[in-house]
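Novice:
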Amino acid sequence: MKRLWSLCGLLFVVFFTPYLLANSITVGPHFKSLHSLNVEYTLDPITKQQALTNHNVSWQTNHGKTLNLGMNLSPLWLKLPIENTSLHDLPLILSIDNPLLDEVSVFHLQGDHVKFSTRIGDALPLENRQIKNESLLVSLTLPKASHSVVYLRVKNNGGLRVPLSLWEPSEYLKHKSKFNLLYGLLVGFILSLAITNLVLYGFSRRSYFAYTGFLLMLLWLSLAYLYGFGYRYLQPSGASFQQLTIPSLFFICCALFVPLQRYIFGAEKTRLSRVQNWFAWSVVATTFVLWLLPVYVAISLCLLSLPILLFAFTAIAIKQFNRDYKQPCIAFIIGLLAFCSAIIYSAFAVFNPFNLYINEQSLIFIFFLICSLSLSYAVIKLFIMQRDAEVAAQQTALAQSKAQDILMQERLELQEQARQNLEANIEERTFELQVILRELEEKNRELEQLNMEDALTKTKNRRYFDKKLLMDVRRSRREQTPLAIIMFDIDHFKAINDTYGHLTGDQTIQAAANIIKAHLKRPLDEVARYGGEEFVVLLPNTPLDGAIEIAEQIRNSAENADIIVAGTTLKFTLSAGVYSAIADDINHPSLFTDYADKALYHAKQTGRNRVVSYPLPD
Numbered sequence: 026m027k028r029l030w031s032l033c034g035l036l037f038v039v040f041f042t043p044y045l046l047a048n049s050i051t052v053g054p055h056f057k058s059l060h061s062l063n064v065e066y067t068l069d070p071i072t073k074q075q076a077l078t079n080h081n082v083s084w085q086t087n088h089g090k091t092l093n094l095g096m097n098l099s100p101l102w103l104k105l106p107i108e109n110t111s112l113h114d115l116p117l118i119l120s121i122d123n124p125l126l127d128e129v130s131v132f133h134l135q136g137d138h139v140k141f142s143t144r145i146g147d148a149l150p151l152e153n154r155q156i157k158n159e160s161l162l163v164s165l166t167l168p169k170a171s172h173s174v175v176y177l178r179v180k181n182n183g184g185l186r187v188p189l190s191l192w193e194p195s196e197y198l199k200h201k202s203k204f205n206l207l208y209g210l211l212v213g214f215i216l217s218l219a220i221t222n223l224v225l226y227g228f229s230r231r232s233y234f235a236y237t238g239f240l241l242m243l244l245w246l247s248l249a250y251l252y253g254f255g256y257r258y259l260q261p262s263g264a265s266f267q268q269l270t271i272p273s274l275f276f277i278c279c280a281l282f283v284p285l286q287r288y289i290f291g292a293e294k295t296r297l298s299r300v301q302n303w304f305a306w307s308v309v310a311t312t313f314v315l316w317l318l319p320v321y322v323a324i325s326l327c328l329l330s331l332p333i334l335l336f337a338f339t340a341i342a343i344k345q346f347n348r349d350y351k352q353p354c355i356a357f358i359i360g361l362l363a364f365c366s367a368i369i370y371s372a373f374a375v376f377n378p379f380n381l382y383i384n385e386q387s388l389i390f391i392f393f394l395i396c397s398l399s400l401s402y403a404v405i406k407l408f409i410m411q412r413d414a415e416v417a418a419q420q421t422a423l424a425q426s427k428a429q430d431i432l433m434q435e436r437l438e439l440q441e442q443a444r445q446n447l448e449a450n451i452e453e454r455t456f457e458l459q460v461i462l463r464e465l466e467e468k469n470r471e472l473e474q475l476n477m478e479d480a481l482t483k484t485k486n487r488r489y490f491d492k493k494l495l496m497d498v499r500r501s502r503r504e505q506t507p508l509a510i511i512m513f514d515i516d517h518f519k520a521i522n523d524t525y526g527h528l529t530g531d532q533t534i535q536a537a538a539n540i541i542k543a544h545l546k547r548p549l550d551e552v553a554r555y556g557g558e559e560f561v562v563l564l565p566n567t568p569l570d571g572a573i574e575i576a577e578q579i580r581n582s583a584e585n586a587d588i589i590v591a592g593t594t595l596k597f598t599l600s601a602g603v604y605s606a607i608a609d610d611i612n613h614p615s616l617f618t619d620y621a622d623k624a625l626y627h628a629k630q631t632g633r634n635r636v637v638s639y640p641l642p643d
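Once you know that position 562 of the sequence shown is 587 in this note's numbering, the rest is easy, because the numbers rise by one and skip nothing.
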């Protein structure tokens, strides 16, 4: 008997419901998916009760096209009649394929009874969603042989684009798996390009790699927010800011094109480039202002102003076109136009000025991919061309050096011939010459002693230090004892010179040298003036802890010392880099100074007046 009544209900749905509701969506036991839904909609200011009872509601029909009403701030009501012609309850997934909608209220009516309701959107926490996903998904269960109506109330400050699709759950899972795989591959490719550029910057220290890597990272982050992944993984517990985050990212990307263009085009500072720089800083300032504006104003400002600015940047790039860097310049212009195309496409999707049925965001993905590839090619090609130019210059310099060596060899041969002739003519005066040579040797020893000492600080000079370092490195390897080296630098020495004059600067250097010498107790410990305001201390047979302790004592003494010049008391501080190890390569003694210098550089970069040892702290 139950089967008989179910069959009667099915026949009623099949034969009579189409006459009652001509726009119904029909699903059956073999239903997989439907991407073009016939919906009815209204923008009239109606209440929930009016919408659900169809009381005094003027519905408009949209036949299987993506509903896009442009930048409209009024709430939108949609009506989806759905018929289940199967003899079993049918689970379905309604997908709202725009993850940027602020708020979507869903009501599933079975007859006059609200069977199910929910509120989702990126202005609501992720936990509110029935299905925890970056997309806006609603799970529906249609009773067998029944007619249901689904009502949606959509509110959004960034344009009313409401693409809808209906899925059988397993079919949607297959579709989503394929989409996530493709999305992950392509977005991962853009992210890998960004990381590659940042790594190249770390190796080459070419600033255009850093700008490109940061710009591609922002493009990757923009795609994450456009597809809802930013909301899901970065802001799942509270209201999402992606409606403002995306325009902000677009503005920063636009500003980053300006310094990148300057490097690729090799443009000189002209009036045109100064105007472009002014525009870039204005864009950066506008990015902060966006967060103070209403969402629809911020989005409109972004999508209307950026195409104009990007076209202006393109015109400037064409005018500054560098024939020497033709390929990088062309690739940069292609990347700039691809980014501009993505912004224009987004503007058409949001404002819909020509009633276009824009559904997919894949074009933005393609434009960003083209932009990433073009910019990466531009900077890599630029680096290769600059490297080739440097290699050619080095080869030219090497050829000139070889020519000079040949000339020098010829001169040496002439000098040798002259010397032999001279020796033949002055054999009788050998004794006098020997006396003179002995006197010269004594003078040379005195001069060498003077040359080993720095005139200002009375410490050893750089020449002596280089010789002493080589000897201590050999001793360290031979005796397998640690050799420690400390490099000191007077903090803010230029400010002392600029404020009090070079005489005061010289007295500061002398005071620093005296403090360092006062803390060296062993006969083999040496201090030398390394250059300018830098000193280096050699501590044979000293482990790292001992060297750090001595460096800290010197630093504390310098910090507490006063310099009195013309009645004025001055204070100064020292930064120190320490390295200690047992030498294993006597052919490269400079490794000790290099590591100590890196530690000193880290100490200067992290606040000065401190001691840092190598290996550097994390």
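Heads up, the beta-carbon is just placed ideally off N, CA and C, and yes, glycines get one too.
Less than 7 Å between the C-beta atoms of C396 and F364, yes or no?
Specialist: Contact: yes.
Novice: Let's test the definition: count the other Cβ atoms within 10 Å of the Cβ of F228 and tell me whether it reaches 16, buried, or not, exposed.
Specialist: Burial call: exposed.
Novice: Take the Cβ of Q301 as the centre, count every other Cβ of all protein chains shown within 10 Å, and call the residue buried at 16 or more, exposed below.
Specialist: Classification for Q301: buried.
Novice: Quick one, which of T110, N79, F346, Q85 has its alpha-carbon nearest V64's?
Specialist: Of the listed residues, the one whose Cα sits closest to V64 is Q85.
Novice: For A509, name the three-state secondary structure that DSSP assigns.
Specialist: Correct three-state label for A509: strand.
Novice: May I ask which residues mark the beginning and end of the beta strand (DSSP E) holding S602?
Specialist: Position check: residue 602 holds Gly in this sequence, whereas Ser was assumed. Its beta strand (DSSP E) spans residues 599–606.
Novice: Where are the alpha helix (DSSP H) runs, 4 residues long or more, that stay fully inside the stretch 519–567, in chain order?
Specialist: Those alpha helix (DSSP H) runs which fall completely within the stretch 519–567 and span 4+ residues are 527–543.
Novice: Would you say the stretch 326–343 touches the stretch 268–282, given that touching needs at least three Cβ pairs under 8 Å?
Specialist: As far as the Cβ criterion goes, the stretch 326–343 touches the stretch 268–282, which means the pair count is three or higher.
Novice: Kindly list the residues whose CB is nearer than 7 Å to the CB of L281, restricted to its own chain and excluding five residues on each side of it in sequence; keep chain order.
Specialist: So the qualifying residues of the chain are Y236, F239, L240.
Novice: Keeping to the same chain, check which residues put their C-beta closer than 6 Å to that of P43; ignore five residues upstream and five downstream.
Specialist: Residue placement at P43 is flagged as unreliable, the pLDDT there being 41, under the threshold of 50; a coordinate-derived value is accordingly withheld.
Novice: Tell me, to the nearest whole angstrom, how far the beta carbon of Q286 is from that of A342; I am working on the premise that it is less than 8 Å.
Specialist: Rounded, the Cβ-Cβ distance is 6 Å, consistent with contact.
Novice: Pull up the DSSP beta-bridge partners for I145, would you.
Specialist: Its beta-bridge partners are V129.
Novice: Could you tell me whether the stretch 218–234 touches the stretch 400–408, where touching means 3 or more Cβ pairs closer than 8 Å?
Specialist: Output reads yes: the stretch 400–408 touches the stretch 218–234.
Novice: Going straight from the alpha carbon of T644 to that of D610, what length do you get?
Specialist: No answer is possible for residue 644: the residues shown for the chain start at 26 and end at 643.
Novice: Buried or exposed, going by whether 16 or more other CB atoms sit within 10 Å of the CB of Y258?
Specialist: Label assigned to Y258: exposed.
Novice: Who does N109 pair with in a DSSP beta bridge?
Specialist: For N109, which the question treats as bridged, DSSP gives the partners V52, S171.
Novice: Secondary structure at R500, three-state DSSP: helix, strand or coil?
Specialist: The answer is helix: DSSP assigns R500 an H, G or I state.
Novice: Might you give, ordered along the chain, the residues of its own chain that have their beta carbon closer than 8 Å to the beta carbon of A372, omitting 5 neighbours on each side?
Specialist: Closer than 8 Å at Cβ, skipping near neighbours: L328, L329, P332.
Novice: Need the endpoints of the alpha helix (DSSP H) that Y208 sits in, please.
Specialist: It spans 194–229 - the alpha helix (DSSP H) in which Y208 sits, taken as one unbroken run.
Novice: Mind checking who P116 pairs with in its DSSP beta bridge?
Specialist: Paired residue(s): T166.
Novice: Cβ of H80 less than 7 Å from any chain B Cβ?
Specialist: Within the model displayed, chain B is absent; a lone protein chain is all it includes.
Novice: In the DSSP assignment, find the unbroken beta strand (DSSP E) run with Q442 in it and report its ends.
Specialist: Here Q442 belongs to no beta strand (DSSP E); instead the alpha helix (DSSP H) covers 387–450.
Novice: Run through the DSSP bridge pairs and tell me what K102 is partnered with.
Specialist: The question names Lys, but residue 102 is Trp in the sequence shown. Note: W102 sits in a beta bridge opposite T67, R178.
Novice: Using 8 Å as the threshold, is the stretch 77–97 in touch with the stretch 150–157, meaning 3 or more CB pairs across them?
Specialist: Flag = no, the stretch 77–97 and the stretch 150–157 do not touch.
Novice: In whole angstroms, what is the alpha-carbon distance linking I118 and L162?
Specialist: Each residue's Cα considered, the two are about 7 Å apart.
Novice: Hey, out of L243, E448, M410, I409, whose CA is closest to L394's CA?
Specialist: The shortest Cα separation from L394 among L243, E448, M410, I409 belongs to L243.
Novice: Touching or not, the stretch 458–473 and the stretch 576–583, by the rule of three or more beta carbon pairs under 8 Å?
Specialist: The stretch 458–473 vs the stretch 576–583: no contact.
Novice: What residues match up with Q85 in a beta bridge as DSSP calls it?
Specialist: Partner(s): Y66.
Novice: Return the CA-CA distance between F560 and I607, expressed in angstroms with no decimal places.
Specialist: For F560 and I607, the distance between alpha carbons rounds to 22 Å.
Novice: Can you check which of these residues, Q352, F390, S171, is closest to T110 by C-alpha distance?
Specialist: Nearest option by C-alpha distance: S171.
Novice: Does the count of Cβ pairs from the stretch 497–511 and the stretch 613–623 closer than 8 Å reach three?
Specialist: A contact exists between the stretch 497–511 and the stretch 613–623.
Novice: Check for me: the beta strand (DSSP E) holding I611 runs from which residue to which?
Specialist: No beta strand (DSSP E) holds I611; DSSP gives it neither H nor E.
Novice: Specify whether the stretch 118–133 and the stretch 178–192 touch according to this definition: at least 3 beta carbon pairs, one from each stretch, less than 8 Å apart.
Specialist: Enough Cβ pairs lie closer than 8 Å, so yes.
Novice: For T484, which residues does DSSP report across the bridge?
Specialist: According to DSSP, which records beta bridges pairwise, T484 is partnered with nothing at all.
Novice: Roughly how far, in whole angstroms, is the beta-carbon of L103 from the beta-carbon of Y66, given that I think they are within contact range, below 8 Å?
Specialist: Contact flag correct, Cβ pair sits at about 5 Å.
Novice: If I measure Cβ to Cβ from D493 and keep anything under 8 Å in the same chain, skipping five residues before and after, which residues do I get?
Specialist: Looking at the sequence itself, residue 493 is Lys, so the reference to Asp does not match. Answer for K493: K485, E551, A553, L563, listed in chain order.
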